[in-house]
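Student: What follows is a single structure, and I will ask about it in a moment.
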Amino acid sequence: MFIYLENASYTYNLNMPFETKALDSINLSIDRGEFIGIIGHTGCGKTTLLQLLNGLLEPTIGHVFIDGVDIHQNKKGLKEIRKKIGLTFQYPENQLFEESIYKEIAFGPRNLGITDDLLDERVKKAMKMVELDYNQYKDRSPFELSGGEMRRVAIASVLAIDPEIIILDEPTASLDPQSHASFLTLIKNLYQKYHKTMILVSHNMDVIAELAQRVLVMEKGKIIMDSTPRNIFQESVEQLEKIGLELPQVTYVMHRLKQMGKEVNSGVLTIEEAKEEIFSILKVKKSNNEIF
Amino acid sequence: MKFFRNLTIGQYVHKDSPIHKLDPRIKILTSLLMMILIFLTESWWSFLIIGFFFTVNIWLSKVQIKYVLRGLKPILVLIILTLFIHLFTTPGEVIFQIGVIRMTWEGLSRGMFIAVRLFLLILTTSWLTLTTSPIALTDGIERLLSFFKIIGFPAHEIAMMMTIALRFIPTLMEETEKIIKAQMSRGADFESGNILKRMKNMIPIIIPLFINAFHRADELAIAMEARCYRGGEGRTHYRALSFKYLDKVFFMIISFTIALIIIINVV
Numbered sequence: 011m012f013i014y015l016e017n018a019s020y021t022y023n024l025n026m027p028f029e030t031k032a033l034d035s036i037n038l039s040i041d042r043g044e045f046i047g048i049i050g051h052t053g054c055g056k057t058t059l060l061q062l063l064n065g066l067l068e069p070t071i072g073h074v075f076i077d078g079v080d081i082h083q084n085k086k087g088l089k090e091i092r093k094k095i096g097l098t099f100q101y102p103e104n105q106l107f108e109e110s111i112y113k114e115i116a117f118g119p120r121n122l123g124i125t126d127d128l129l130d131e132r133v134k135k136a137m138k139m140v141e142l143d144y145n146q147y148k149d150r151s152p153f154e155l156s157g158g159e160m161r162r163v164a165i166a167s168v169l170a171i172d173p174e175i176i177i178l179d180e181p182t183a184s185l186d187p188q189s190h191a192s193f194l195t196l197i198k199n200l201y202q203k204y205h206k207t208m209i210l211v212s213h214n215m216d217v218i219a220e221l222a223q224r225v226l227v228m229e230k231g232k233i234i235m236d237s238t239p240r241n242i243f244q245e246s247v248e249q250l251e252k253i254g255l256e257l258p259q260v261t262y263v264m265h266r267l268k269q270m271g272k273e274v275n276s277g278v279l280t281i282e283e284a285k286e287e288i289f290s291i292l293k294v295k296k297s298n299n300e301i302f
Numbered sequence: 124m125k126f127f128r129n130l131t132i133g134q135y136v137h138k139d140s141p142i143h144k145l146d147p148r149i150k151i152l153t154s155l156l157m158m159i160l161i162f163l164t165e166s167w168w169s170f171l172i173i174g175f176f177f178t179v180n181i182w183l184s185k186v187q188i189k190y191v192l193r194g195l196k197p198i199l200v201l202i203i204l205t206l207f208i209h210l211f212t213t214p215g216e217v218i219f220q221i222g223v224i225r226m227t228w229e230g231l232s233r234g235m236f237i238a239v240r241l242f243l244l245i246l247t248t249s250w251l252t253l254t255t256s257p258i259a260l261t262d263g264i265e266r267l268l269s270f271f272k273i274i275g276f277p278a279h280e281i282a283m284m285m286t287i288a289l290r291f292i293p294t295l296m297e298e299t300e301k302i303i304k305a306q307m308s309r310g311a312d313f314e315s316g317n318i319l320k321r322m323k324n325m326i327p328i329i330i331p332l333f334i335n336a337f338h339r340a341d342e343l344a345i346a347m348e349a350r351c352y353r354g355g356e357g358r359t360h361y362r363a364l365s366f367k368y369l370d371k372v373f374f375m376i377i378s379f380t381i382a383l384i385i386i387i388n389v390v
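Chains as they are written, first to last, in our numbering: chain A, 11 to 302; chain B, 124 to 390.
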């Protein structure tokens, strides 16, 4: 068990008139090598949960263990924790400040005491991970880039710390369709090619269905479902809709086809799977036609 | 980690009270005149009257006394410091003496007087800001300053700037906290090192904050233009200020109080 949350609750403005409970007794364990998707309505506590995971917030009640160590026992150790767990917030491009992309990406590793050749190597590797060409981009100002490129730089600046876990909060929010697609490939690569443990928060069910292996559904500060995307999007359709969440769009199509009496599997999550399913029923039809 | 969680800007406390309902113009003018009197007067009697005046006022406003005291907290050190400076530096009848340090009766009375003066000044501003919402305050200032429009003073523009600044304080604070957290996730350390190093460590916060603020300003300007904002000329108010019965009564009371203080000081 890599990360373990034990009965963790978090309350904003504790003991003040506008006290709000953001997380309510969360028990959660995350292993190395998982790809976790977190979904839930705005204000359900997703972002608060992420901040507990890398020690930005301390649970009001309960504990956070990373590699078996309670991270709030020793405050000095928090920097070590952030070396292991890289977190990017929503719209990470808003945190850029350096004059060149090289310096921007080097900020993280430099804070951890990495210098010279090793630093160069880290920056190069991080830029490769987000598919930005090192020689072409390193000396440019981050502020003259397009929105999608800026976000790549921001994510690279976290990757340069070389964390084992990467937590992305809405990485594809308000990107144009083209950047959106290339970001999905990028995230997939981080998991498959670079073997990072991933935690992804998104409102976009298509993204979650395509990438995640385990989905956590949150509502009102609690994790109400914790299962594979297939289970969740197939078994709990009504429950999801009740809390205002949708299904992936292809899944809707397949549900519709099934209602129309077609022999399809309604648990389909990605376009690729949907294609197979539809072809398979079309083939059956074709052979039927040949009888005539 | 707590950043700004305990900081409250604009200490307005909303209550349904006659003091809250007063015209902001009359409250601003009252505060101004009272502050001038507090500065000029040399008599304990005027302090007593002013103190009584504001005690009754705060009682009427239903604002809990703890909010008033909270406003005094940051200035407490200054009050005590001035008290001590006067206590030890004023020549006169000696209470006791240790080496070169000596305390005098004159110093004690002078020090107390200055301390009470500072206390009353803070009480005056607290009374104003606790019972007047920021919007009402800027509205009042705009109307009061519009008198200077004849000499080309941009009263409306200044009031609008104040309103916008007040409106964006919480937004920018939220954003600052987010940026701090984002940079901490990148291994930034804001808590160790000497002052110079700490100041240098602020750069990764300040630059993104400024860039975002400029973006916001730009967007706001476009949004205002899109709704045909053209400055103050011919612009009417949703809540037009007018003197009501309550204001007239308060006006009589304040005139009487001020007259009394002036008479005490002159006689």
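Quick reminder that beta carbons are idealized off the backbone N, C-alpha and C, glycines included.
Just so we're clear, the structure is a prediction, and the values are computed from it rather than from any experiment.
For the stretch 247-267 of chain B against the stretch 197-207 of chain B, do three or more pairs of beta-carbon atoms, one drawn from each stretch, fall closer than 8 Å, so that the two count as touching?
Tutor: At 8 Å Cβ cutoff, the stretches do not touch.
Student: With distance defined between alpha-carbon atoms, name the residue in A:Ile175, A:Pro173 and A:Asp186 nearest to Arg161 (chain A).
Tutor: Comparing Cα-Cα distances from Arg161 (chain A) to each of A:Ile175, A:Pro173 and A:Asp186, the minimum goes to A:Asp186.
Student: Just checking, does the stretch 114-130 of chain A make contact with the stretch 61-76 of chain A on the three C-beta pairs under 8 Å criterion?
Tutor: No, the stretch 114-130 of chain A is not in contact with the stretch 61-76 of chain A.
Student: Given that Ala344 (chain B) touches chain A, what residues does it touch there, using C-beta distances under 8 Å?
Tutor: Those do not exist, as Ala344 (chain B) stays about 20 Å from chain A at its closest Cβ, beyond 8 Å.
Student: Is there at least one Cβ from chain A nearer than 8 Å to Met307 (chain B)'s Cβ?
Tutor: Met307 (chain B) counts as touching chain A.
Student: Does the stretch 134-148 of chain B come into contact with the stretch 246-259 of chain B, if we say contact requires no fewer than three beta-carbon pairs (one atom in each stretch) closer than 8 Å?
Tutor: With a cut-off of 8 Å, the stretch 246-259 of chain B and the stretch 134-148 of chain B count as touching, because enough Cβ pairs lie within range.
Student: Determine the DSSP secondary structure at Tyr201 (chain A), reduced to helix, strand or coil.
Tutor: If DSSP states are grouped into helix, strand and coil, Tyr201 (chain A) belongs with the helices.
Student: Kindly indicate which three-state DSSP category Lys138 (chain B) falls into: helix, strand or coil?
Tutor: Three-state result, Lys138 (chain B): coil.
Student: Rounded to whole angstroms, what is the Cα-Cα separation between Val133 (chain A) and Pro257 (chain B)?
Tutor: Cα to Cα, Val133 (chain A) sits roughly 48 Å from Pro257 (chain B).
Student: Please determine if the stretch 91-105 of chain A and the stretch 49-65 of chain A are in contact, where contact requires at least 3 C-beta pairs separated by less than 8 Å.
Tutor: Taking 8 Å as the limit for Cβ pairs, the verdict is that the stretch 49-65 of chain A does touch the stretch 91-105 of chain A.
Student: Is it buried or exposed for Thr261 (chain A), if we count other Cβ within 10 angstroms and need 16 for buried?
Tutor: Buried, by the Cβ-count rule.
Student: Strictly under 8 Å for the Cβ-Cβ distance: is Pro102 (chain A) near chain B by that measure?
Tutor: Chain B, which has a Cβ nearer than 8 Å to the Cβ of Pro102 (chain A), makes this yes.
Student: Can you pull out the residues from the stretch 52-68 of chain A whose beta carbon lies closer than 8 Å to at least one beta carbon of chain B?
Tutor: Here the close residues are Gln61, Asn64, Leu66, Leu67 and Glu68.
Student: Exposed or buried, which one is Val217 (chain A) when buried takes at least 16 other CB atoms within 10 Å?
Tutor: Classification of Val217 (chain A): buried, given that the 10 Å Cβ count is 16 or more.
Student: Sort B:Pro141, B:His360 and B:Phe242 by Cα distance to Arg193 (chain B) and report the nearest one.
Tutor: Ranking the options by Cα distance to Arg193 (chain B), first place goes to B:Phe242.
Student: Distance cutoff 8 Å, beta carbons only. Does Phe127 (chain B) sit that close to anything in chain A?
Tutor: Caution is warranted here: a pLDDT of 46 is assigned to Phe127 (chain B), below 50, making its placement in the model unreliable, and the coordinate value is therefore given only provisionally. No, Phe127 (chain B) lies away from the interface with chain A (no Cβ there is under 8 Å from its Cβ).
Student: So Asn388 (chain B) is in the alpha helix (DSSP H); what residue range does that whole segment cover?
Tutor: Looking at the DSSP string, the run of the alpha helix (DSSP H) that includes Asn388 (chain B) is Tyr368 to Val389.
Student: Please identify the residue among A:Leu15, A:Ser246 and A:Asp126 whose C-alpha is closest to the C-alpha of Ile81 (chain A).
Tutor: If we check each option's Cα against that of Ile81 (chain A), A:Leu15 comes out closest.
Student: Between Leu319 (chain B) and His51 (chain A), what straight-line distance do the alpha-carbon atoms span, to the nearest angstrom?
Tutor: Taking the straight line joining both Cα atoms gives about 44 Å.
Student: Given this structure, state the Cα-to-Cα distance separating Ala18 (chain A) from His360 (chain B), to the nearest angstrom.
Tutor: When rounded, the distance between both Cα atoms is 50 Å.
Student: Label Asn180 (chain B) either buried or exposed according to how many other C-beta atoms from any shown protein chain fall within 10 Å of its C-beta, with 16 as the threshold for buried.
Tutor: When all chains shown are included, Asn180 (chain B) counts as buried.
Student: Relative to the ligand FAD, is the shortest distance from any of its heavy atoms to the C-beta of Arg224 (chain A) smaller than 7 Å?
Tutor: No copy of the ligand FAD appears in this structure; indeed no ligand is present at all.
Student: What residues in the stretch 300-326 of chain B have a beta carbon less than 8 Å from any beta carbon of chain A?
Tutor: Hits within the stretch, in order: Lys301, Ile302, Lys304, Ala305, Gln306, Met307, Ser308, Arg309, Gly310, Ala311, Asp312 and Ile326.
Student: I'd like to check one pair, Ser110 (chain A) with Asp143 (chain A): are the Cβ atoms closer than 8 Å?
Tutor: No, Cβ-Cβ distance for Asp143 (chain A) and Ser110 (chain A) is not below 8 Å.
Student: Helix or strand or just coil, what does DSSP make of Asn104 (chain A)?
Tutor: Helix, per DSSP.
Student: What would DSSP say about Ile292 (chain B), mapped onto helix, strand or coil?
Tutor: The answer is helix: DSSP assigns Ile292 (chain B) an H, G or I state.
Student: Count the other CB atoms within 10 Å of the CB of Cys54 (chain A); is the residue buried (16 or more) or exposed (fewer)?
Tutor: With 16 or more Cβ atoms within 10 Å of its Cβ, Cys54 (chain A) is classed as buried.
Student: Using a Cβ cut-off of 9 Å, which residues of the stretch 181-208 of chain B contact any Cβ in chain A, in chain order?
Tutor: Residues passing the 9 Å Cβ filter: none.
Student: Measure from the C-beta of Gln83 (chain A) to each C-beta in chain B and report whether the shortest distance is under 8 Å.
Tutor: Chain B contact via Cβ: absent.
Student: Is there contact between the stretch 274-291 of chain B and the stretch 350-359 of chain B, where contact requires at least three CB pairs shorter than 8 Å?
Tutor: Touching, yes, given that three or more Cβ pairs across the two stretches are closer than 8 Å.
Student: Can you check whether the CB of Glu108 (chain A) is closer than 8 Å to the CB of Gly157 (chain A)?
Tutor: No, the pair does not count as a contact, with Cβ atoms beyond the cut-off.
Student: By the 8 Å beta-carbon criterion, what residues does the stretch 228-250 of chain A contribute toward chain B?
Tutor: Of all residues in the stretch 228-250 of chain A, none has a Cβ within less than 8 Å of some Cβ in chain B.
Student: If you draw a straight line from the alpha carbon of Leu279 (chain A) to that of Ser237 (chain A), how long is it in whole angstroms?
Tutor: Roughly 14 Å between the two C-alpha positions.
Student: Against chain B, does Leu210 (chain A) count as a neighbour if the rule is that its beta carbon must be under 8 Å from one of theirs?
Tutor: Output row for Leu210 (chain A): interface = no.
Student: In whole angstroms, what is the alpha-carbon distance linking Lys206 (chain A) and Pro147 (chain B)?
Tutor: Approximately 60 Å between the Cα atoms of the pair.
Student: Taking all protein chains shown into account, do 16 or more other C-beta atoms lie within 10 angstroms of the C-beta of Asn335 (chain B), making it buried, or fewer, making it exposed?
Tutor: Under this definition Asn335 (chain B) is a buried residue.
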